[in-house]
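To keep things clear, I will list the structure first and then write my remarks on it.
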Amino acid sequence: MSSLVAQSALFPRTIDEVVQIVREHRRIQIVGAGSKHAMTTSDAGPCRCSIAGVNGIVEHQPSEFLITAFAGTSLTEMQSALAAHGQYLPFDPPLAKRGATIGGTVAAGLSGAGRMRFGGLRDFIVGIKMVDGLGNVVVGGGRVVKNAAGYDIPKLMVGSAGYYGAIVEVTLKVFPQPKMQKTVSVTTLSLASALRIQSTLSRSPIELAAIDLTPEGTLWLRMEGESDAIETTTSRIRSLMAIEEERISVECIDDGESVWRPLDDGTFAEGNDRLVRVPIMPSRLLAVDSTLEELTVRRRYSVAGNVAWIVWPESRPVQQLDESLWHLRLGGTVLTGIVPNFRIGLRPSLSMVNRVKAAVDPDHRFVGRA
Amino acid sequence: MIPISPLYDSASIRVNIEFRPLSTDHRSPTVFSMNNLDELRRRFGDRLMTSDASMVAFQSDGVTALSARPCAVVIALNEDDVVFTVSWCFKNDVPWVARGSGTSLSGGSVPIADGIVIAMNRMNRMIRIDEVNRIAIVEPGLITGRLIRAANAVGLHYAPDPSSLQVCSIGGNLAFNSGGAHCLKYGMTSNHILGARVVLADGEIVELGSESLEGEGPDFMGLFCGSEGTMGVATQITVRLIPPPETYFCVMAGYATVEDAGNAVATIIAAGLLPGAMEIMDAIAMKAAHEAVGANYPSGCEAVLIVELDGSIESVNADKPRLEELFKQSGAVSIEVAKDAETRYAIWTGRKSVFSAVGRISPDFIVQDGVVPRGKLGFALRRITEISKRTGIVIANVFHAGDGNLHPLIMYDGRIDGALHRAEIVAAEIVRLCIELGGSITGEHGVGLEKREFLGEMYDEPSMEMLGRLRVAMDPKTLANRGKMFPTGEGEPFGLYGLHPLEKAGVISRE
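Protein sequences appear in the order of chains A and B. According to the working numbering, the first sequence is numbered sequentially starting from 2. According to the working numbering, the second sequence is numbered sequentially starting from 44.
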């Protein structure tokens with residue numbers, strides 16, 4: 002199967018070329034730049050069509066706080082275009098430094114640690130253009146920040162994994178980029194006490210851009226904003242910690258990059274190890290962690306206990322994790338490495354998957370799974 | 044008349060929309076045998092209502108110019124009731140609409156003539172607030188304001204705040220992806236719904252979303268949210284709660300012209316501030332609010348811009364001086380800072396009173412909620428003023444300026460023959476203006492009955508067809524809220540609001 006990953010793909014440069022490919026091929030695997038290749042290793046031997054060549058920023062009117070880009074545009078290109086005007090993607094898309102495209106990010110439904118404050122990709126996508134299974138170019142949403150007209154097709158495509166069509170253009174709401182950011186590390190005695198502190202913080206008015214946790218009980222807190230505000234927030238965190246009974250230490254990390262980079266560039270999982278993302282709930286975190294502890298895997302928890310990032314070694318069959326998640330009634334996605342099925346544990350509602358498939362791709366041209 | 048594809052509607056569709064007052068003896072032939080209704084009667088007893096008097100209570104919603112007479116109303120108490128009714132409708136080919144508080148501003152909850160209304164307002168339990176996961180699990184009939192108060196009671200907050208929050212239900216908010224004054228920073232209803240149990244139109248129960256902030260697989264919850272009751276009905280809803288803002292900084296600035304105020308919004312946004320809310324009121328709206336609730340506005344100003352910063356004390360403090368500077372730069376004639384909670388409350392009371400206040404100065408009005416790019420707000424307002432001058436129809440403007448979300452209140456006197464028709468022509472012109480400027484026909488009220496003719500002007504044919512196929516995938520017989528959102532079926536002589544009096548008299552025809 003690994004040969005398929007390297008297999009050459011059709012490389013359209015325009016939306017018209019994508020349409021032509023869809024109309025001319027019976028079975029198509031849509032891929033992006035390959036940063037999440039576990040999601041596109043279809044074994045059905047279809048035509049592979051990379052959207053990475055359909056790239057470039059279509060429209061960025063800074064005063065509207067909206068950006069429209071072809072789906073193959075890399076996240077880094079979008080981020081630097083936005084940064085030039087003091088703007089950013091607040092949902093903090095991961096794997097940017099691995100070359101991830103905006104279309105692939107939408108198809109994978111991925112948001113990063115920074116989604117905590119203002120919301121995830123689903124909350125910032127406002128418009129989409131896609132080629133459906135009939136070879137039609139379909140538009141959903143629009144180029145305004147607020148829109149309640151028609152079904153929310155942009156959201157439907159978030160997490161659709163190329164199964165519902167080829168995303169060719171995306172419009173996103175963006176926000177003003179914070180002037181500064183700073184990361185504070187809070188070391189506690191155990192995961193349980195770190196969780197208690199997280200719960201206090203995430204219910205407090207203190208505005209944090211990200212809260213990540215390690216299984217050992219360290220919290221990483223990211224603050225963003227004006228420098229004065231960040232200083233005040235830091236002292237508020239210190240005084241909150243001072244009244245905690247647990248022995249804890251609070252220190253500022255000069256290089257916050259070292260904390261957040263492993264997910265940005267995907268080095269959290271190295272080589273052919275699989276990077277797995279599992280949405281969870283804070284209340285289930287201890288139970289999830291004890292299962293993962295038994296499985297002895299590397300992991301960290303993001304978005305104030307709403308996402309588990311797991312590294313599953315290449316040497317171990319992924320079925321083991323699949324079963325464990327199933328017992329926990331949780332579902333996850335394998336992003337990198339080679340796996341028979343990138344969805345593990347609890348699967349998305351099959352009835353909904355099939356109903357939508359019948360509507361958007363009745364001839365099942367797009368292979369894979371939702 | 045927009046041609047209709049058989050994909051998303053069937054020839055059998057009949058949507059009877061009538062003018063008020065509804066004649067009490069009107070009864071179209073029923074589309075199914077009355078014997079079948081006995082099946083519902085046996086299950087629901089008193090909770091199946093068919094009397095003329097009770098039907099009248101359900102015949103309209105927030106758009107009072109639209110009404111239709113259902114065949115029966117079922118009061119649902121639980122999910123089994125909903126599944127039974129939806130399945131019965133599916134078996135007997137009877138269209139139905141699920142209804143919460145009936146406050147839709149797009150005619151979205153107007154009954155389907157001779158169809159069934161499933162009244163959801165008794166399914167209004169707050170099932171639980173989960174403080175650890177910061178979520179609430181509720182039944183769809185729960186009043187939005189009660190959810191907000193329950194969340195506040197445990198130190199959390201539910202962000203969406205549609206103006207009707209004291210009476211509207213969370214299920215209706217979900218169905219129409221309702222907005223409010225705070226969407227700029229916090230998003231719309233769909234940004235706060237994490238999951239739901241849904242009864243699809245063929246009776247199948249599906250679970251969408253989850254209790255986590257992040258999802259797995261295609262975002263079916265996002266698709267269902269805002270589907271205007273055309274796919275199914277939610278029976279249990281999981282919403283996201285957030286910590287409430289620690290402090291507010293509310294300022295009301297007066298501008299010489301509405302266009303200046305519109306341009307100020309673009310200036311403030313472009314400077315990189317992210318206020319919780321930005322609202323504009325024009326002179327007519329100010330006058331109405333002053334007369335209704337005694338709100339005071341600066342003299343010599345044709346518009347006020349209300350801007351509210353919210354968040355932690357340190358972040359609001361950091362943004363305050365920048366905001367005040369931007370007001371000056373943008374040519375504000377007067378600046379009033381809300382020094383205390385009372386003043387802030389008074390500013391908002393004035394703003395939120397506008398709809399009812401306009402009701403005092405005009406017997407009837409149509410409210411539109413189209414969206415334009417924020418940079419084109421000033422231009423759009425000038426055009427609306429021109430339209431008003433040209434037609435002689437008075438239009439008050441209040442709007443969620445930060446989102447470019449207009450709310451022109453087009454006034455008319457429904458007792459005057461043809462007045463409604465003239466007002467709806469103006470409404471249509473404003474809707475088309477929004478499309479022309481690259482915006483949307485609706486920012487938060489939904490398409491409903493009111494704007495269904497315009498959806499196909501906003502989206503091209505392949506896109507409309509895909510919407511139609513998605514509808515059929517969830518609702519194979521197009522029974523759920525039939526006639527809403529999608530353009531009208533063939534041969535229907537209805538316009539935006541209803542028949543012109545001459546049409547009603549058979550003198551003229553639009554076909």
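Here a beta-carbon is modelled for each residue, glycine too, at the ideal position from N, C-alpha and C.
Legend entry - Straight-line gap, G54(A) to F263(B) (C-alpha atoms, nearest Å): Sequence index remark: in the first sequence, residue 54(A) carries index 53 (1-based). Sequence index remark: in the second sequence, residue 263(B) carries index 220 (1-based). Roughly 29 Å between the two C-alpha positions.
Legend entry - Three-state class that DSSP yields for S1(A) in the structure shown: Since the first residue of chain A shown is 2 and the last is 371, residue 1(A) is not available in this structure.
Legend entry - Option in E345(B), G269(B), K228(B) and K494(B) with minimal Cα separation from G315(B): For the purposes of this step, residue 315(B) is taken as the residue at position 272 of the second sequence. For the residues E345(B), G269(B), K228(B) and K494(B), the minimum Cα distance to G315(B) belongs to K228(B).
Inset, instruction - Take S355(B) and list the residues in its own chain whose beta-carbon comes closer than 6 Å to its own, dropping the five residues that flank it on each side. - result: On the second sequence, residue 355(B) is found 312 positions in, with the first residue counted as 1. Within the same chain, S355(B) has close Cβ partners E289.
Inset, instruction - Taking G143(A) as the reference, give the member of V410(B), R365(B), E500(B) and G188(B) with the closest Cα. - result: The count along the first sequence starts at 1 and reaches residue 143(A) at position 142. Distance check between G143(A) and each of V410(B), R365(B), E500(B) and G188(B) places E500(B) closest, using alpha-carbon atoms only.
Inset, instruction - Could you give the DSSP three-state label for T273(B): helix, strand or coil? - result: Indexing the second sequence from 1 puts residue 273(B) at position 230. If DSSP states are grouped into helix, strand and coil, T273(B) belongs with coil.
Legend entry - Within chain A, the residues that F219(B) reaches when beta carbons sit closer than 9 Å: Taking the first residue of the second sequence as position 1, residue 219(B) is located at position 176. Under the 9 Å cutoff, chain A gives A149.
Inset, instruction - Please go through the segment 89-154 of chain A and give each complete beta strand (DSSP E) segment of 3 or more residues, from N-terminal end onward. - result: List check, beta strand (DSSP E) in window: 126-132 and 138-142.
Inset, instruction - Indicate whether the contact test is met: 3 or more Cβ pairs, each with one atom in the segment 274-286 of chain B and one in the segment 234-251 of chain B, closer than 8 Å. - result: Flag = yes, the segment 274-286 of chain B and the segment 234-251 of chain B touch.
Legend entry - Alpha carbon of R204(A) to alpha carbon of I285(B), nearest angstrom: Taking the first sequence and counting its residues from 1, one reaches residue 204(A) at position 203. Taking the second sequence and counting its residues from 1, one reaches residue 285(B) at position 242. Between the alpha carbons of R204(A) and I285(B) lies a gap of roughly 7 Å.
Legend entry - Three CB pairs or more closer than 8 Å across the segment 358-365 of chain A and the segment 328-348 of chain A: Flag = no, the segment 358-365 of chain A and the segment 328-348 of chain A do not touch.
Inset, instruction - Output yes if chain B places a C-beta closer than 9 Å to the C-beta of M242(A); else output no. - result: Mapped onto the first sequence, residue 242(A) falls at position 241. Judged by the 9 Å Cβ criterion, M242(A) is not in contact with chain B.
Legend entry - Three-state class that DSSP yields for S212(B) in the structure shown: Along the second sequence, read from residue 1 onward, the residue named residue 212(B) stands at position 169. Of the three classes helix, strand and coil, the one that applies to S212(B) here is strand, per DSSP.
Inset, instruction - State buried or exposed for R99(A), treating a residue as buried only when at least 16 other CB atoms are found within 10 Å of its CB. - result: Taking the first residue of the first sequence as 1, we reach residue 99(A) at position 98. R99(A) sits buried, since 16 or more C-beta atoms from the chains shown fall within 10 Å of its C-beta.
Inset, instruction - Use the C-beta contact count for D256(A): other C-beta atoms within 10 angstroms, 16 or more gives buried, fewer gives exposed. - result: Your numbering for residue 256(A) matches position 255 in the first sequence. Answer is exposed; the Cβ neighbour count stays below 16.
Inset, instruction - List the residues that DSSP assigns as beta-bridge partners of P199(A). - result: Taking the first residue of the first sequence as position 1, residue 199(A) is located at position 198. According to the sequence as given, residue 199(A) is Gln; it is not Pro. In the DSSP assignment, no residue is bridged to Q199(A).
Legend entry - alpha helix (DSSP H) segment containing F370(B), residue limits: Locating residue 370(B) in the second sequence gives position 327, where the first residue counts as 1. Going by DSSP, F370(B) is part of the alpha helix (DSSP H) stretching over I356 to Q372.
Legend entry - S3(A) - DSSP class collapsed to helix/strand/coil: Locating residue 3(A) in the first sequence gives position 2, where the first residue counts as 1. In this predicted model, S3(A) has a pLDDT of only 38, less than 50, meaning its place in the structure is not dependable; the value taken from the coordinates is given anyway. Of the three classes helix, strand and coil, the one that applies to S3(A) here is helix, per DSSP.
Inset, instruction - Could you pull out every residue in the same chain whose Cβ sits closer than 7 Å to the Cβ of R330(A), ignoring the five residues on either side in sequence? - result: Taking the first sequence and counting its residues from 1, the one referred to as residue 330(A) is at position 329. Around R330(A): L347.
Legend entry - Classification of E294(A) by the beta-carbon crowding that lies within 10 angstroms, buried from 16 upward: As a first step, residue 294(A) is located in the first sequence; it is residue number 293 there, counting from the start. Classification of E294(A): exposed, given that the 10 Å Cβ count is below 16.
Legend entry - Residue-chain proximity (S203(A), chain B), Cβ-Cβ < 9 Å: Working through the first sequence from its first residue, we reach residue 203(A) at position 202. Chain B, which has a Cβ nearer than 9 Å to the Cβ of S203(A), makes this yes.
Inset, instruction - Give every residue of the same chain whose Cβ lies closer than 7 Å to the Cβ of G421(B), excluding the five residues on either side of it in the sequence, and list them in chain order. - result: Taking the second sequence and counting its residues from 1, one reaches residue 421(B) at position 378. Shown here for G421(B): same chain residues with a beta carbon closer than 7 Å to its own, the five before and five after excluded, namely E302, G305 and N306 in chain order.
Legend entry - Same chain, Cβ closer than 7 Å to W131(B), neighbours up to 5 away in sequence not counted: As a working note, residue 131(B) is residue 88 in the second sequence. Beyond the five residues adjoining it in sequence on each side, W131(B) comes within less than 7 Å, by CB distance, of E82 and L83 in the same chain, given in chain order.
Legend entry - Beta-carbon proximity of A193(B) to M169(B), cut-off 9 Å: For this step, residue 193(B) is matched to residue 150 along the second sequence. For this step, residue 169(B) is matched to residue 126 along the second sequence. Between A193(B) and M169(B), the gap from beta carbon to beta carbon is short of 9 Å.
Inset, instruction - Report the option in D412(B), T428(B), V160(B) and G222(B) whose CA atom is closest to the CA atom of S97(B). - result: Indexing the second sequence from 1 puts residue 97(B) at position 54. Of D412(B), T428(B), V160(B) and G222(B), the residue nearest in Cα terms is V160(B).
Legend entry - For L173(A), the residue or residues it bridges with in DSSP: In the first sequence, counting from the first residue as 1, residue 173(A) sits at position 172. Under DSSP, L173(A) forms a beta bridge with I68(A) and I126(A).
Legend entry - E65(A): contacting residues in chain B (beta-carbon distance under 7 Å): Your numbering for residue 65(A) matches position 64 in the first sequence. Residues of chain B with a Cβ closer than 7 Å to the Cβ of E65(A) are, in chain order, P416, R417 and G418.
Inset, instruction - Give every residue of the same chain whose Cβ lies closer than 8 Å to the Cβ of L65(B), excluding the five residues on either side of it in the sequence, and list them in chain order. - result: Working through the second sequence from its first residue, we reach residue 65(B) at position 22. In this predicted model, L65(B) has a pLDDT of only 31, less than 50, meaning its place in the structure is not dependable; the value taken from the coordinates is given anyway. Excluding five sequence positions before and after L65(B), the CB atoms of its chain that fall closer than 8 Å to its own CB belong to V99, Q102, S110 and R112, given in chain order.
Legend entry - Where the alpha helix (DSSP H) containing P451(B) begins and where it ends: Within the second sequence, the letter at position 408 stands for residue 451(B). It is not in any alpha helix (DSSP H) - P451(B) instead sits in the beta strand (DSSP E) that spans P451 to Y455.
Inset, instruction - May I ask you to check if the CB of F176(A) is nearer than 8 Å to at least one heavy atom of the ligand HEM? - result: The model on display carries no ligand, and the ligand HEM is accordingly not part of it.
Inset, instruction - Identify whether Y502(B) lies in helix, strand or coil by the three-state DSSP scheme. - result: Residue numbering aside, residue 502(B) sits at position 459 when the second sequence is read from its first letter. Coil, per DSSP.
Inset, instruction - Within 10 angstroms of the Cβ of K371(B), are there 16 or more other Cβ atoms? Answer buried if so, exposed if not. - result: Within the second sequence, the letter at position 328 stands for residue 371(B). K371(B) should be labelled exposed.
Inset, instruction - Within its chain, find whatever has a CB closer than 8 Å to the CB of Q249(A); leave out the 5 residues flanking it on each side and keep chain order. - result: Translated into positions along the first sequence, residue 249(A) becomes position 248. First, the residue type needs correcting, since residue 249(A) is Ile and not Gln in the sequence shown. Spatial neighbours of I249(A) in its own chain (CB-CB distance under 8 Å, excluding positions within 5 residues in sequence) are listed in chain order as V187, T188, T189, L190, S194, I198 and M242.
Inset, instruction - Please work out which residues of its chain come closer than 6 Å, Cβ to Cβ, to I248(B), disregarding the five sequence neighbours upstream and downstream, and give them in chain order. - result: If you number the second sequence from 1, residue 248(B) lands on position 205. Closer than 6 Å at Cβ, skipping near neighbours: V242.
Inset, instruction - Mind checking which residues open and close the beta strand (DSSP E) that includes F422(B)? - result: In the second sequence, the residue the question calls residue 422(B) occupies position 379. Counting along the chain, no beta strand (DSSP E) covers F422(B); the unbroken alpha helix (DSSP H) around it starts and ends at L420 to T434.
Legend entry - Within-9 Å CB hit, P505(B) to chain A: As a first step, residue 505(B) is located in the second sequence; it is residue number 462 there, counting from the start. Closer than 9 Å to some Cβ of chain A, the Cβ of P505(B) qualifies, so yes.
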